[in-house]
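Engineer:
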Amino acid sequence: MEDNNSSLYAQKAVESFYLDRPYGIRIDYSRKGFVLFNRKLNLLGMDKWNSIEELPLEEYDNPEEIPVEGVDIQRNSSKVDVFFYTDKSSPYHNGKLDMECLKKYNKYIYRLSVLLGRTL
């Protein structure tokens, strides 16, 4: 029974990471805003697949302050998409928690969290 509970707990931790923690951020310099999105390219906490294009931007007076640091950075005109992990650098890429990958991820998120004034 204990192994079953441990497995269930681990599965919930993985699901929570992919839904509730940022997979990336889109910074739109021309519209002065950003959107944080989860692994399903949706707003944090949303459990359905979406498109970054359809997500609402949060206004931000000086988007140039937002750090453009991550594992994958994609620039397109006045928009930048920053991804904080890939399939291979996800803290759960091998089916269990990889602490080194989690530390790297948290390094990106901590700085962003302080700048935005929220827990991520």
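Remember, this note's numbering sits 1039 above the position in the sequence shown when you count from 1.
All residues carry an ideal CB built from backbone N, CA and C; glycine is no exception.
According to DSSP, which residues form a beta bridge with F1073?
Structural biologist: Answer by DSSP bridge pairing, in chain order: I1066, E1097.
Engineer: Would you kindly report the start and end of the unbroken beta strand (DSSP E) that includes I1112?
Structural biologist: Where I1112 is concerned, the enclosing beta strand (DSSP E) stretches over 1111 to 1115.
Engineer: Against chain D, does Q1050 count as a neighbour if the rule is that its beta carbon must be under 8 Å from one of theirs?
Structural biologist: Here there is only one protein chain, and chain D is not present.
Engineer: Between the segment 1082 to 1093 and the segment 1102 to 1112, do at least 3 Cβ pairs fall closer than 8 Å?
Structural biologist: Contact fails: fewer than three Cβ-Cβ distances are below 8 Å.
Engineer: First and last residue of the beta strand (DSSP E) that includes K1146?
Structural biologist: Run containing K1146: none in the beta strand (DSSP E); it sits in the alpha helix (DSSP H), 1138 to 1155.
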